[in-house]
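Residue numbers (our numbering), protein chains in the order written: chain A, 380 to 549; chain B, 1144 to 1245.
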């Protein structure tokens, strides 16, 4: 559960999460965007750990911050950006398209903050699932999910094999 | 609902907006994938927060592990498709992918 002594840390971490997400979306260089995305994953890992989900946090750190960043960097290095003139022409257009994002974020954030006292949301229901461990849930209660995950991973492997085979044949 | 829970919901909503805005506005295919990643991060954080609020962290972690596996397979396949599109067309600009126009 959320502890009141961690409030300051949570506010700092969530602000860092948002900041790096905006950075990943808005920065021009794609490599820096991929690294900012890895930073989002790392901050999210810390938040998940503080919220009491260490196993999912380890998965997030190893897969999202490691494997997906590697996939992104290899995809970026296999494709080339356009010529210098094209890039210079695109730069102004990009700025024009993305300039509304911070404005929108500030407006929505401040608007929700002002509307908070009038909102009568009560989502903090008391759960009854305490006591179950992750192992019990994964292997007993939701064992069908494991089967689905195995099938998805196999489908992914087949997809990658088909993609690379198609490229060789050409 | 206390202050920090509301701050969490606010941050999740704003993260979702960041991803959705980039998905709508971006013209580079790799940046579209980055936007999908940001959207998935928002969903992950929402699931973990819900598990923490209702005292069911074990169930939330099981769901998040499933979500991460689906996410990585989607990104791996999509990156392969993006590389294929680049080799076929020589560009990643979505405005220039007009091979099927006719």
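For every residue, glycine included, the Cβ atom is placed at its ideal position computed from N, Cα and C. These numbers were taken from a predicted model, which means no experiment stands behind them.
{"Query": "C-alpha gap between residue 1176 (chain B) and residue 520 (chain A), whole angstroms", "Result": "33 Å"}
{"Query": "Pair within 7 Å by beta-carbon distance, residue 397 (chain A) and residue 422 (chain A)", "Result": "no"}
{"Query": "Selection from B:1204, B:1166, B:1223 that minimises the alpha carbon distance to residue 427 (chain A)", "Result": "B:1204"}
{"Query": "is_contact[residue 470 (chain A), chain B] using C-beta, thresh 7 Å", "Result": "no"}
{"Query": "Residue 411 (chain A): first and last residue of the uninterrupted alpha helix (DSSP H) it sits in", "Result": "409 to 429"}
{"Query": "Residue 399 (chain A) beta carbon less than 7 Å from that of residue 415 (chain A)", "Result": "yes"}
{"Query": "Buried versus exposed call for residue 1242 (chain B) [16 or more other C-beta atoms within 10 Å across all chains shown]", "Result": "exposed"}
{"Query": "Residue-level contact to chain B via CB, residue 408 (chain A), 7 Å cutoff", "Result": "no"}
{"Query": "Within-7 Å CB hit, residue 458 (chain A) to chain B", "Result": "yes"}
{"Query": "Proximity of residue 1159 (chain B) and residue 1192 (chain B) at Cβ, strictly below 7 Å", "Result": "no"}
{"Query": "Option nearest residue 530 (chain A) by Cα separation, candidates B:1174, B:1147, B:1213", "Result": "B:1213"}
{"Query": "As assigned by DSSP and simplified to three states, the class of residue 1145 (chain B)", "Result": "coil"}
{"Query": "Closest Cα partner of residue 1174 (chain B) within the set A:420, A:455, A:384, A:524", "Result": "A:455"}
{"Query": "Chain-ordered chain B contacts of residue 484 (chain A) [CB-CB under 8 Å]", "Result": "1157, 1160, 1161"}
{"Query": "Range of the contiguous alpha helix (DSSP H) that encloses residue 517 (chain A)", "Result": "Careful: residue 517 (chain A) lies outside any alpha helix (DSSP H) and carries neither H nor E."}
{"Query": "Three-state secondary structure (DSSP) of residue 386 (chain A)", "Result": "helix"}
{"Query": "Residues from the segment 419 to 448 of chain A in contact with chain B, defined by Cβ distance under 8 Å", "Result": "419, 420, 423, 426, 427, 430, 431, 432, 434, 435, 438, 439, 442, 443, 446, 447"}
{"Query": "Cβ-based burial, residue 449 (chain A) [other Cβ within 10 Å; buried from 16]", "Result": "exposed"}
{"Query": "Burial state of residue 490 (chain A), where buried means 16 or more other Cβ atoms lie within 10 Å", "Result": "exposed"}
{"Query": "Residue nearest to residue 1180 (chain B) in terms of C-alpha spacing, selected from B:1218, B:1231, B:1230, B:1229", "Result": "B:1218"}
{"Query": "Any chain A beta carbon closer than 7 Å to residue 1166 (chain B)", "Result": "no"}
{"Query": "Exposure label - residue 438 (chain A); buried when at least 16 CB within 10 Å", "Result": "buried"}
{"Query": "Proximal residues to residue 1232 (chain B) (C-beta, below 8 Å), its chain only, five neighbours per side dropped", "Result": "1239, 1240, 1242"}
{"Query": "Within-7 Å CB hit, residue 533 (chain A) to chain B", "Result": "no"}
{"Query": "Min CB distance residue 1202 (chain B) to chain A below 7 Å", "Result": "yes"}
{"Query": "Proximity test, Cβ basis, 7 Å: residue 1240 (chain B) and chain A", "Result": "no"}
{"Query": "Closer than 7 Å to chain B by CB, residue 544 (chain A)", "Result": "no"}
{"Query": "DSSP-derived helix/strand/coil call for residue 1171 (chain B)", "Result": "strand"}
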